[in-house]
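Going by the working numbering, the sequence shown opens with residue 151, and the numbers climb by one from there. First comes the structure, then the notes that go with it.
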Amino acid sequence: MNEQDTIAAISTATGVGAISIIRVSGPEALAIANSLFQGKNLFEVSSHTIHYGYIVENEEIIDEVLITVMLAPKTFTTEDIVEINCHGGIATTNKILQLLLAQGARLAEPGEFTKRAFLNGRINLLEAESVSDLIEAKSSQQRKLALNGLSGRSTKIIQDLRDQILDIIANIEVNIDYPEYEDAPEITQANLKQPVIEIQKQLEKIYQNSEIGKIIKSGLDIALIGRPNVGKSSLLNALLNEDKAIVTDISGTTRDLIEAKMQLNGIEINLIDTAGIRETTDMVEKIGVDKSKKIIDSADLVILVLNNNEPLTAEDQKLINLIQNKPHIIFLNKTDLESKLVLDPTLTNLNMVKGNTKELNGLDALKQKIIDMYNLDKISQKDLTYLSNARQIDIIQKSLQNINTLLAELEKAIPVDMLEIYLRNAFDLLGTLIGETYEDELIDKLFTNFCLGK
Ligand SMILES: Nc1nc2c(ncn2[C@@H]2O[C@H](COP(=O)(O)OP(=O)(O)OP(=O)(O)O)[C@@H](O)[C@H]2O)c(=O)[nH]1
Ligand SMILES: [Mg+2]
151 MNEQDTIAAI STATGVGAIS IIRVSGPEAL AIANSLFQGK NLFEVSSHTI HYGYIVENEE
211 IIDEVLITVM LAPKTFTTED IVEINCHGGI ATTNKILQLL LAQGARLAEP GEFTKRAFLN
271 GRINLLEAES VSDLIEAKSS QQRKLALNGL SGRSTKIIQD LRDQILDIIA NIEVNIDYPE
331 YEDAPEITQA NLKQPVIEIQ KQLEKIYQNS EIGKIIKSGL DIALIGRPNV GKSSLLNALL
391 NEDKAIVTDI SGTTRDLIEA KMQLNGIEIN LIDTAGIRET TDMVEKIGVD KSKKIIDSAD
451 LVILVLNNNE PLTAEDQKLI NLIQNKPHII FLNKTDLESK LVLDPTLTNL NMVKGNTKEL
511 NGLDALKQKI IDMYNLDKIS QKDLTYLSNA RQIDIIQKSL QNINTLLAEL EKAIPVDMLE
571 IYLRNAFDLL GTLIGETYED ELIDKLFTNF CLGK
């Protein structure tokens, strides 16, 4: 791809709106816009100013517009940028875009403006990813997380870590190359350990925080499972405070997955109501039951609903066994009715909340349990410096593996110069995190996830 060409795209959502913005970036941005603009000569205006006029084609007025001129290098892409504010509406906006393309601009690929900002050194990779996160943020926590990424706080943490690693590498190198150089501290197996443990600690902290970051970004999938008629759909409705799912006293009412969103401490919760699990010959119900079983694996948290008013069945016991190795909560429902359920005393340490959806008892306790399990109350409002996407978390994990291997080898008395490679690996990996080093393929893939015009 030629970075020197001029790109254009509609930067606002397509559809009917009061205004739309078309963004043009590149060396020809000014010339292309000027050729269509009836108003001031855009070559003669100051940078970062806005101008009133018309877009014309063969002397016919296409739209009345405001044009913003931003000259390189102090722009988002570091190139000349022209933004045309036109009247919203698909036909007008598309028409202007087509005129720009006819004048020599190329239609931008998704994320290409941000990609240029990155390739031209205006922002690093973490910041670029935050731009896309910011656009997609649905909750205030997600927005803050993205903004902090954009502010460069995460970058600073990673850069500090790289500096510390580089320091150790440099000292090892000096020792190897200039053994006679007495000013350089000698790196021995004994004194390598402490600084590496420091790095390990910091990486572990980032890794733990990134788990929280992931929750802020993607929310939690919580599945309600259980036998038919225990009150799963009633619980969904009670938590949502609306009649989302059909509730009847007929077993097998819910046939398919029903998903609904709610927020807990600013975190997005995706609640999934499922078909009651039982042996059945009904085709449709069977498909639903299979889906319910699968969701046990894929959900972050499973809430198993049991009926306090009935003795424990073999089916209940099977489900209790099935969720043992998953994060789970048991909601003992229908406590307004007589208790007939006797739980095996060995199960008393189960994560359990009692209540009922009839009098809306135990719902706050259930929410609190979820908050406690994921430390949702500790997700501080201000200090949201977490890495949150899979690429970032994967890199942190791999860096940590290298450091862990180094420490293990150190225990086996492997010479220091043979351990340097692990530090180099960690250094390079952290470099790919912020985009100091990168592969074209990765960059292409990353930016295509962006929306058009960004
Ligand atoms: N007394 C009492 N009845 C409840 C309670 N929760 C649910 N019910 C009743 O139990 C019956 C079944 O409730 P649902 O919410 O449809 O149960 P479900 O688990 O979704 O059932 P399926 O969709 O068939 O798997 C309905 O008649 C509800 O009114 C409760 O806490 N107390
Ligand atoms: Mg149901």
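Glycine is no exception: its CB is placed at the ideal position from the N, C-alpha and C atoms. These numbers come from a predicted model, not from an experiment.
Check                                                                                                                                                                                        : Outcome
With DSSP run on the structure shown, which of helix, strand or coil describes glycine 581?                                                                                                  : helix
Do you know offhand how far asparagine 298's Cα is from proline 378's?                                                                                                                       : 45 Å
Does the pairing of the stretch 207-220 with the stretch 179-190 give three or more beta-carbon distances under 8 Å?                                                                         : yes
Pull up the distance between the alpha-carbon of alanine 168 and that of asparagine 244, whole angstroms please.                                                                             : 15 Å
Would you say the stretch 540-558 touches the stretch 414-430, given that touching needs at least three Cβ pairs under 8 Å?                                                                  : no
Could you pull the start and end residues of the beta strand (DSSP E) that aspartate 371 belongs to?                                                                                         : 370-375
In chain order, what residues of the same chain lie with their CB nearer than 6 Å to the CB of glutamate 229, ignoring the 5 residues before and after it?                                   : Ser175, Gly176, Ala222
Give every residue of the same chain whose Cβ lies closer than 7 Å to the Cβ of proline 335, excluding the five residues on either side of it in the sequence, and list them in chain order. : Asn321
Under 8 Å by Cβ, that's how I've got alanine 179 and isoleucine 231 pegged, so tell me the actual separation to the nearest angstrom.                                                        : 6 Å
Identify the continuous alpha helix (DSSP H) that holds valine 219 and give its terminal residues.                                                                                           : That residue, valine 219, is in no alpha helix (DSSP H); its beta strand (DSSP E) goes 210-220.
Whole-angstrom Cβ separation of glycine 603 and alanine 159, contact assumed at under 8 Å?                                                                                                   : 4 Å
What is the DSSP secondary structure of alanine 163, reduced to helix, strand or coil?                                                                                                       : coil
Taking the alpha carbon of glutamate 488 as the point to measure from, which residue in Val397, Asp567, Ser401, Asn457 has its own alpha carbon closest?                                     : Asn457
Is alanine 425 near ligand 2, judged by its Cβ being under 8 Å from some heavy atom?                                                                                                         : yes
Confirm the yes/no value for this check: CB of lysine 508, any heavy atom of ligand 1, distance under 8 Å.                                                                                   : yes
In angstroms with no decimal places, state the Cα-to-Cα distance between valine 324 and isoleucine 571.                                                                                      : 15 Å
Answer yes or no: do arginine 293 and phenylalanine 226 have a C-beta to C-beta separation smaller than 9 Å?                                                                                 : no
Confirm the yes/no value for this check: CB of serine 383, any heavy atom of ligand 2, distance under 8 Å.                                                                                   : yes
Apply the 10 Å Cβ neighbour rule to tyrosine 202 and answer buried if 16 or more other Cβ atoms are within range, or exposed otherwise.                                                      : exposed
Where does leucine 569 sit, in a helix, a strand or coil, going by DSSP?                                                                                                                     : helix
Would you report the Cα separation of glutamate 277 and threonine 305, rounded to the nearest angstrom?                                                                                      : 8 Å
Using C-beta distances below 7 Å, list every residue in its chain close to aspartate 327, excluding the 5 sequence neighbours before and after it, in chain order.                           : none
Does the beta-carbon of threonine 404, which I'm using as the reference point, lie nearer than 8 Å to any heavy atom of ligand 3?                                                            : Among the ligands present in this structure, namely ligand 1 and ligand 2, ligand 3 is not found.
Buried or exposed: where does threonine 199 fall if 16 or more other Cβ atoms within 10 Å of its Cβ makes it buried?                                                                         : exposed
Taking C-beta to C-beta, are isoleucine 479 and isoleucine 520 nearer than 9 Å?                                                                                                              : yes
Name the one or two DSSP bridge partners that asparagine 506 has.                                                                                                                            : Asn511
Cutting at 6 Å between CB atoms, please list the residues of its own chain near aspartate 544, excluding the five before and the five after it.                                              : none
Cα separation between isoleucine 564 and leucine 583?                                                                                                                                        : 29 Å
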